[in-house]
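Quick notes on the structure that follows.
2 protein chains.
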Amino acid sequence: MPASGVTSSIPDIVIGRLPVYLRALTRLAQEGREVTSSHELGERLGISSAQIRKDLSLFGGFGKQGTGYHISYLIEQLKQVLKVDREWDVVLVGVGDLGRAVAHYKGFINRGFRIVAAFDNAPDKVGTSVEDMTIQPVEKLRDVVAERGIKVAMIAVPAASAQEVADMLIEAGVRAILNYAPINLNVPDDVHVQYIDPVLHLQRMTYYL
Amino acid sequence: MPASGVTSSIPDIVIGRLPVYLRALTRLAQEGREVTSSHELGERLGISSAQIRKDLSLFGGFGKQGTGYHISYLIEQLKQVLKVDREWDVVLVGVGDLGRAVAHYKGFINRGFRIVAAFDNAPDKVGTSVEDMTIQPVEKLRDVVAERGIKVAMIAVPAASAQEVADMLIEAGVRAILNYAPINLNVPDDVHVQYIDPVLHLQRMTYYL
DNA sequence: AACTGTGAAGTTTTTCACAGCC
DNA sequence: GGCTGTGAAAAACTTCACAGTT
Chain A
1 MPASGVTSSI
11 PDIVIGRLPV
21 YLRALTRLAQ
31 EGREVTSSHE
41 LGERLGISSA
51 QIRKDLSLFG
61 GFGKQGTGYH
71 ISYLIEQLKQ
81 VLKVDREWDV
91 VLVGVGDLGR
101 AVAHYKGFIN
111 RGFRIVAAFD
121 NAPDKVGTSV
131 EDMTIQPVEK
141 LRDVVAERGI
151 KVAMIAVPAA
161 SAQEVADMLI
171 EAGVRAILNY
181 APINLNVPDD
191 VHVQYIDPVL
201 HLQRMTYYL
Chain B
1001 MPASGVTSSI
1011 PDIVIGRLPV
1021 YLRALTRLAQ
1031 EGREVTSSHE
1041 LGERLGISSA
1051 QIRKDLSLFG
1061 GFGKQGTGYH
1071 ISYLIEQLKQ
1081 VLKVDREWDV
1091 VLVGVGDLGR
1101 AVAHYKGFIN
1111 RGFRIVAAFD
1121 NAPDKVGTSV
1131 EDMTIQPVEK
1141 LRDVVAERGI
1151 KVAMIAVPAA
1161 SAQEVADMLI
1171 EAGVRAILNY
1181 APINLNVPDD
1191 VHVQYIDPVL
1201 HLQRMTYYL
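Here the protein sequences line up with chains A and B, keeping their order.
If you read the first sequence in this note's numbering, its first letter stands for residue 1, the second for the next number, and so on.
If you read the second sequence in this note's numbering, its first letter stands for residue 1001, the second for the next number, and so on.
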């Protein structure tokens, strides 16, 4: 969801679909394809072709009538729109099982993100390293974020500490938070939060079983 | 999203919010609270109170005028609606860093799910154990799922194998899949899939930075 | 012939606002 | 006075369908 108070002509729901398109296009490119159509993309994603055309048209005419969309060009354009035509430095707070898995995950790089620092308060973790990063105590968080101008963070601490960590991150300058803790965060209007809670997804499906 | 072809009077978007309500209510209960209101809940979640009332009213009058909602009663009702007033047996396919973190995650139990088997094809993993489960080769998947009547699975294998694993799961009887692989799955209309790809969430936020 | 981009139509979702109840 | 449940209104979103381009 958009930070409330931000006015934009592009619906947030559209912004949410762009990364999905980007992922599918990247895959098509890997398969060696050069051109695709709204119809093909829609088929792969389970989205109507009209929706894809309408979404993309909001940002300009990326396609060619009669031909479709040139994949690598469209990828480039979408990356630019989403501002992932660069690499964002990201900090990770919480290096338990989950945080460790996140730190090891190879899927961030090449898609716009690079974890540059990891924080945890457990005395037996501080000073040890994970993926070439020395785990730092949470007290250092503020300085690191502020000095490096970091805008993106991931929270992988227990629910009980998540709000506190979020507050520290925001005060230090972070404006986008990916929260793995199963709790809603209260944040100012100009800070964006996204949530990952596998149980929410599972519970959403059992209704239909 | 609903499996297409399924007709239901309840919008899927509402079903998607119920687990969020349930999570917030559980937290309120932990804080020792007994009663809440649509207004309070909405404030915590960043959702309008009218929306919460409308959503809940679709399932019956859970609240009391002038008073609000009795928390433990509402929790019970929501669990029933979402069918998480029981424990679903779940299988996990893929025990790399991510799968291992998923296996260790303590948040499934008490929220309706229990991982009962883990599969992987790496020879150095098969036969070893994770969280009291012996990792089994993927060839055993079909039998285990079919014999135990398992309906829910989580996929944590590389993108390249995810579709293949999904096909096997579905053939064995699985009807709900939580897919951690960064790829869209093609499944029949009566199978539900939910996706977890942290990068999609991050990319959605950078647009606004 | 194939496909995009797009107004217009249709559908879904959200919000409003208030009657009714505690 | 405070709160729910709910029709009605408003807003948002999706699909239709076709003119226009390659």
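Even for Gly, the Cβ is constructed at its ideal location relative to N, Cα and C.
If the five residues before and after Arg1053 of chain B are omitted, its C-beta is found closer than 8 angstroms to the C-beta atoms of Ser1038 and Gly1063, all from its own chain and listed in chain order. Distance between Tyr69 of chain A and Asn184 of chain A, taken at the CA atoms: about 39 angstroms.
In the three-state DSSP reduction, Leu185 of chain A falls in the coil class, being neither helix nor strand. Spanning the alpha carbons of Ile1075 of chain B and Ala1024 of chain B requires a straight line of approximately 10 angstroms.
A residue is called buried when at least 16 other Cβ atoms come within 10 angstroms of its Cβ; Thr1036 of chain B meets this threshold and is buried. Listed along chain B are Pro1198, Val1199 and Leu1202, each with a C-beta nearer than 9 angstroms to that of Phe108 of chain A. Secondary structure at Gly1099 of chain B: helix, using DSSP grouped into helix, strand and coil. Exclusion of the five residues before and after Lys79 of chain A leaves Leu22, Asp85 and Gly112 as the residues of its chain whose Cβ lies within less than 8 angstroms of its Cβ.
Taken in chain order, the members of the region 144-168 of chain A whose beta-carbon sits within less than 9 angstroms of a beta-carbon on chain B are Lys151, Val152, Met154 and Ala159. Rounded to the nearest whole angstrom, the C-alpha separation of Ala117 of chain A and Ala1101 of chain B is 20 angstroms. Residue contact with chain A for His1039 of chain B: absent (no Cβ-Cβ distance below 9 angstroms to any residue of chain A). If you draw a 10 Å sphere on the C-beta of Ile1109 of chain B, you find fewer than 16 other C-beta atoms in it, and that means exposed.
Rounded to the nearest whole angstrom, the C-alpha separation of Ala1162 of chain B and Arg27 of chain A is 14 angstroms.
With three or more CB-CB distances shorter than 8 angstroms, the region 191-201 of chain A counts as touching the region 1189-1196 of chain B. Listed along chain B are Arg1100, Ala1101, His1104 and Tyr1105, each with a C-beta nearer than 8 angstroms to that of Asp97 of chain A.
A distance below 7 angstroms between beta-carbons, with the five flanking residues on each side excluded, links Val1130 of chain B to the following residues of its chain, in chain order: Val1095, Arg1100, Ala1103 and Ala1118.
Note: Gly1107 of chain B is not bridge-paired with any residue in the DSSP secondary-structure output. No residue range can be given for Leu1209 of chain B, since it is assigned to no alpha helix (DSSP H) and is classified by DSSP as neither H nor E. Annotated three-state conformation of Leu1058 of chain B is coil, per DSSP. Interface with chain A (9 angstroms Cβ-Cβ cutoff): Gln1077 of chain B is excluded. A direct Cα-Cα distance of roughly 17 angstroms separates Val20 of chain A from Pro1158 of chain B.
A residue is called buried when at least 16 other Cβ atoms come within 10 angstroms of its Cβ; Gln65 of chain A does not meet this threshold and is exposed.
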